[in-house]
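So the sequences go chain by chain: A and B. Number 376 marks the last residue of the first sequence (my numbering); no jumps. Number 139 marks the last residue of the second sequence (my numbering); no jumps. Glycine residues also receive a C-beta, built at the ideal position from the N, C-alpha and C atoms. Only one structure is covered here, and it is reproduced in the block below.
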Amino acid sequence: MGGPNPDEEATPRAPELSDRDAELVEELLAGSHRALARVITRIEDRAAGHRAIVSALHGHTGGADVIGITGSPGAGKSTLVDKLAAAYRERGDTVGVVAVDPSSPYTGGAVLGDRIRMGSNVGDMDVFFRSMSARGQLGGLSMATADAVKALDAFGKDAVIIETVGAGQNEVDVVRTADTVAVLVQPGSGDDVQTLKAGILEIGDVFVVNKADMDGAERTLAELEEMVHRREGPTKGLETGHHGFDAPEHPDDPEHSDASDAGDESASDDPEWTPEVLRTVANTGEGVDELIAAFDAHAAHLRESGEIEATKRRRYAEEIRTLVRSDVGALAAGEIERRGGIDRLAEAVRRRETDPYSVAAEVVAPIVDCVETDRE
Amino acid sequence: MSVEQEERAIRCLVAKVGLDGHDRGAHVIARAFRDAGFEVVYSGLHRAPDDIVQAAVQEDVDVLGISILSGAHNTLVPKVIEGLKEYDAFEDTLILVGGIIPDDDEDELKRLGVAEVFGPGTPMEETIEFIRDNVPERA
Numbered sequence: 001m002g003g004p005n006p007d008e009e010a011t012p013r014a015p016e017l018s019d020r021d022a023e024l025v026e027e028l029l030a031g032s033h034r035a036l037a038r039v040i041t042r043i044e045d046r047a048a049g050h051r052a053i054v055s056a057l058h059g060h061t062g063g064a065d066v067i068g069i070t071g072s073p074g075a076g077k078s079t080l081v082d083k084l085a086a087a088y089r090e091r092g093d094t095v096g097v098v099a100v101d102p103s104s105p106y107t108g109g110a111v112l113g114d115r116i117r118m119g120s121n122v123g124d125m126d127v128f129f130r131s132m133s134a135r136g137q138l139g140g141l142s143m144a145t146a147d148a149v150k151a152l153d154a155f156g157k158d159a160v161i162i163e164t165v166g167a168g169q170n171e172v173d174v175v176r177t178a179d180t181v182a183v184l185v186q187p188g189s190g191d192d193v194q195t196l197k198a199g200i201l202e203i204g205d206v207f208v209v210n211k212a213d214m215d216g217a218e219r220t221l222a223e224l225e226e227m228v229h230r231r232e233g234p235t236k237g238l239e240t241g242h243h244g245f246d247a248p249e250h251p252d253d254p255e256h257s258d259a260s261d262a263g264d265e266s267a268s269d270d271p272e273w274t275p276e277v278l279r280t281v282a283n284t285g286e287g288v289d290e291l292i293a294a295f296d297a298h299a300a301h302l303r304e305s306g307e308i309e310a311t312k313r314r315r316y317a318e319e320i321r322t323l324v325r326s327d328v329g330a331l332a333a334g335e336i337e338r339r340g341g342i343d344r345l346a347e348a349v350r351r352r353e354t355d356p357y358s359v360a361a362e363v364v365a366p367i368v369d370c371v372e373t374d375r376e
Numbered sequence: 001m002s003v004e005q006e007e008r009a010i011r012c013l014v015a016k017v018g019l020d021g022h023d024r025g026a027h028v029i030a031r032a033f034r035d036a037g038f039e040v041v042y043s044g045l046h047r048a049p050d051d052i053v054q055a056a057v058q059e060d061v062d063v064l065g066i067s068i069l070s071g072a073h074n075t076l077v078p079k080v081i082e083g084l085k086e087y088d089a090f091e092d093t094l095i096l097v098g099g100i101i102p103d104d105d106e107d108e109l110k111r112l113g114v115a116e117v118f119g120p121g122t123p124m125e126e127t128i129e130f131i132r133d134n135v136p137e138r139a
């Protein structure tokens, strides 16, 4: 910090694109892999100028289906993502993947291992795979991920997959930046299904029992089915009572089984999306086509029900809030520094010279002053 | 002025190329790099030079460490360097080779653009120190 004048820092301004960054954006839009990779690095580093870059890209986004994949470690996410990417490629779609791995809270270092599983797509530059580490940013991770997805979207990827471990709020936030969320579960993890209730169940649009050739798969499928229907709640269930039969994968309607075979019909008569429960064996690719059909069905449902607009508004609202919080937080951090740093303040509280509330009020006071004078 | 704190991390790709199934060393290196605070992408075994190029470009790594114990470094490493140049990624990638490399070959690799060759028994700190000192500046 140490800027000359706090008022100056607070002056609102649109992010300005430097000439070099403008060139970078041009190159990205023209299809340069190098530029895309560079832009994502800038985003990850929260480097100077990254905001202007993302601002410039925003107008070019909106073309990609964004899929989030989450699940416990070892559930087979990376392998499934690999097979999904290959299946998308087979039908001519280009793919972007953002794989988020935790970093060590001690050193900040990380081994980003998801790439090892991308065996089906090595050498295919139309699958752009990027590993990201959590870098311990508070709330910043979902922002960085969302921005990286925007870069891939603006680059022209048809499908963008976000992959992350489903443990903790950070990851949940990350995966919520997707339009369609798939939650992966391993067979025989009865307790696992129980733990899903907290947080993860609510965000899943599709539930996948991976490694479905293992013992216990049927039971896990049944448990998930039951939970999905319970989640709909008693009132929703009573209205029609036939959600299960409406499931988009229902195959007895031949006229819909051509192009995008699944989902269109159920999306139009049913305003509510009933999460699908599917089985896959990622190792062999079994069930992957059905899974993509379910993603397409969900995307179609979002479009046709108009829910996509609401979803997008909600997401952008969250982005605006996050940015504002982070900016205001940075102003506050500057104030803390000016008062001798957080350790000194904490020590003063420990010695009972002051208390946390008074310190917070003091720190925020100049910001409040600014806001109030501004308003007059 | 950006109010956000820039969070720069050194990104490395630890790569195994060609028909060489020995990756104990690569694993040890990957962990040591992680403990040094680097972000490490590991390629997995038996990658073709093109795969390594794809990974290095997409991951936008600062450092590419190629581990070769098969003796095929004279064919494989130039291919990787070729590919990086094709994607305009050669200039600002620090290329390191680890493995058993004869002195003559080492000179040739360095002439092609490899920054340093680390033979067996190189202390881990030396490699890490070298990276910290030589990692390309990014404007």
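Legend entry - Length of the line joining the Cα atoms of A:H301 and A:W273: In a straight line, the C-alpha of A:H301 is about 7 angstroms away from that of A:W273.
Inset, instruction - Inspect the beta-carbon positions of A:D157 and A:H58 and report whether they are closer than 8 angstroms. - result: The sequence shown places Lys at residue 157 of chain A, rather than the Asp named in the question. No, these two residues do not count as a Cβ contact at 8 angstroms.
Inset, instruction - Could I get the ranges of all uninterrupted beta strand (DSSP E) runs contained in the stretch 53 to 96 of chain A, with 3 residues as the minimum, in chain order? - result: 65 to 71
Inset, instruction - Name, going along the chain, the residues of the stretch 90 to 103 of chain B whose beta-carbon falls closer than 8 angstroms to a beta-carbon of chain A. - result: none
Inset, instruction - Check the Cβ of B:D67 against every Cβ in chain A and list those closer than 8 angstroms, keeping chain order. - result: Strictly speaking, residue 67 of chain B in this sequence is Ser, with Asp absent from that position. The contacting residues do not exist; B:S67 stays about 14 angstroms from chain A at best.
Inset, instruction - Would you mind working out which of A:I53, A:G113, A:A144, A:I40 sits nearest A:P15, comparing C-alpha positions? - result: A:I53
Inset, instruction - Tell me where the alpha helix (DSSP H) around B:I95 begins and ends. - result: Premise fails: B:I95 lies in the beta strand (DSSP E), 94 to 99, not in any alpha helix (DSSP H).
Inset, instruction - With a cut-off of 8 angstroms on the beta carbons, I'd call A:T41 and B:D60 a contact; round off their distance for me. - result: 5 angstroms
Legend entry - Within 8 angstroms, strictly: CB atoms of A:M118 and A:D82: Yes. Within cutoff.
Legend entry - C-beta atoms of A:V185 and A:I203 nearer than 8 angstroms: no
Legend entry - Interface residues of the stretch 46 to 63 of chain B facing chain A [CB-CB below 8 angstroms]: R47, A48, D50, D51, Q54, A55, V57, Q58, E59, D60
Inset, instruction - Indicate the three-state DSSP secondary structure (helix, strand or coil) for A:T177 in the structure shown. - result: coil
Legend entry - Contact check, A:V100 vs A:T164, beta carbons under 8 angstroms: yes
Inset, instruction - For the stretch 26 to 40 of chain B, enumerate the residues whose C-beta is nearer than 8 angstroms to any C-beta of chain A, in chain order. - result: A30, R31, F33, R34, D35, A36, G37, F38, E39, V40
Inset, instruction - Could you check the C-alpha separation between A:A294 and A:V206 for me, to the nearest Å? - result: 7 angstroms
Legend entry - Which of helix, strand or coil DSSP assigns to B:F33: Assignment of B:F33 by DSSP, reduced to helix, strand and coil, places it in the helix class.
Inset, instruction - Check distances from the C-beta atoms of the stretch 117 to 141 of chain A to those of chain B and list, in chain order, the residues that come in under 7 angstroms. - result: Listed by position along the chain: V122, G123, M125, F128, F129, R130, S131, S133, R135, Q137.
Inset, instruction - Step through the CB atoms of chain A and report whether any lies within less than 8 angstroms of the CB of B:G44. - result: For B:G44, the answer is yes, since a Cβ of chain A falls inside 8 angstroms of its Cβ.
Inset, instruction - For the beta strand (DSSP E) holding B:V57, just list the boundary residues, first then last. - result: Annotation for B:V57: no beta strand (DSSP E) segment contains it, though the alpha helix (DSSP H) segment containing it runs 49 to 59.
Legend entry - Closer than 8 angstroms to chain B by CB, A:H33: Yes, A:H33 counts as interfacial toward chain B.
Inset, instruction - Please report how far the alpha carbon of B:F33 lies from the alpha carbon of A:D374, in whole angstroms. - result: 49 angstroms
Inset, instruction - Find out if the Cβ-Cβ distance for the pair A:E319, A:M143 is shorter than 8 angstroms. - result: For A:E319 and A:M143, yes; Cβs fall inside 8 angstroms.
Inset, instruction - Check the Cβ-Cβ distances between A:V363 and every residue of chain B, and say whether any is below 8 angstroms. - result: No, because no Cβ of chain B sits closer than 8 angstroms to the Cβ of A:V363.
Inset, instruction - Examine chain A for any beta-carbon lying closer than 8 angstroms to the beta-carbon of B:E126, and answer yes or no. - result: no
Inset, instruction - For B:F90, I'd like the list of residues in its chain whose CB is within less than 7 angstroms of its CB, leaving aside the five on either flank, ordered along the chain. - result: Exclusion of the five residues before and after B:F90 leaves I81, L84, G113 as the residues of its chain whose Cβ lies within less than 7 angstroms of its Cβ.
Inset, instruction - Please work out which residues of its chain come closer than 6 angstroms, Cβ to Cβ, to A:A56, disregarding the five sequence neighbours upstream and downstream, and give them in chain order. - result: L17, V25
Inset, instruction - Could you work out which residues of chain A lie near B:E6, taking near to mean beta carbons separated by less than 8 angstroms? - result: D45, R46, A47, A48
Legend entry - Residue environment, A:R344, which counts as buried when at least 16 other CB atoms sit within 10 Å: exposed
Legend entry - Segments of 3+ residues assigned as beta strand (DSSP E) that fall wholly inside the stretch 63 to 136 of chain B: 63 to 68, 94 to 99, 116 to 118
Inset, instruction - Look up A:I40 in the DSSP assignment and say whether it is helix, strand or coil. - result: helix
Legend entry - Residues that B:D20 contacts on chain A, provided the C-beta gap is smaller than 7 angstroms: Under the 7 angstroms cutoff, chain A gives no residues; its nearest Cβ is about 16 angstroms from B:D20.
Legend entry - Touch test, the stretch 72 to 88 of chain A against the stretch 282 to 291 of chain A, Cβ-Cβ under 8 angstroms, three pairs minimum: yes
Inset, instruction - Please name the residue, chosen from A:F155, A:I116, A:D327, that lies closest to A:H60 on a Cα-to-Cα basis. - result: A:F155
Legend entry - Contact under 8 angstroms by Cβ, B:E116 with B:F130: yes
Legend entry - is_contact[B:A9, chain A] using C-beta, thresh 8 angstroms: yes
Inset, instruction - Taking 8 angstroms as the cut-off, decide whether the C-beta atoms of B:E39 and B:A9 are in contact. - result: The beta carbons of B:E39 and B:A9 sit closer together than 8 angstroms.
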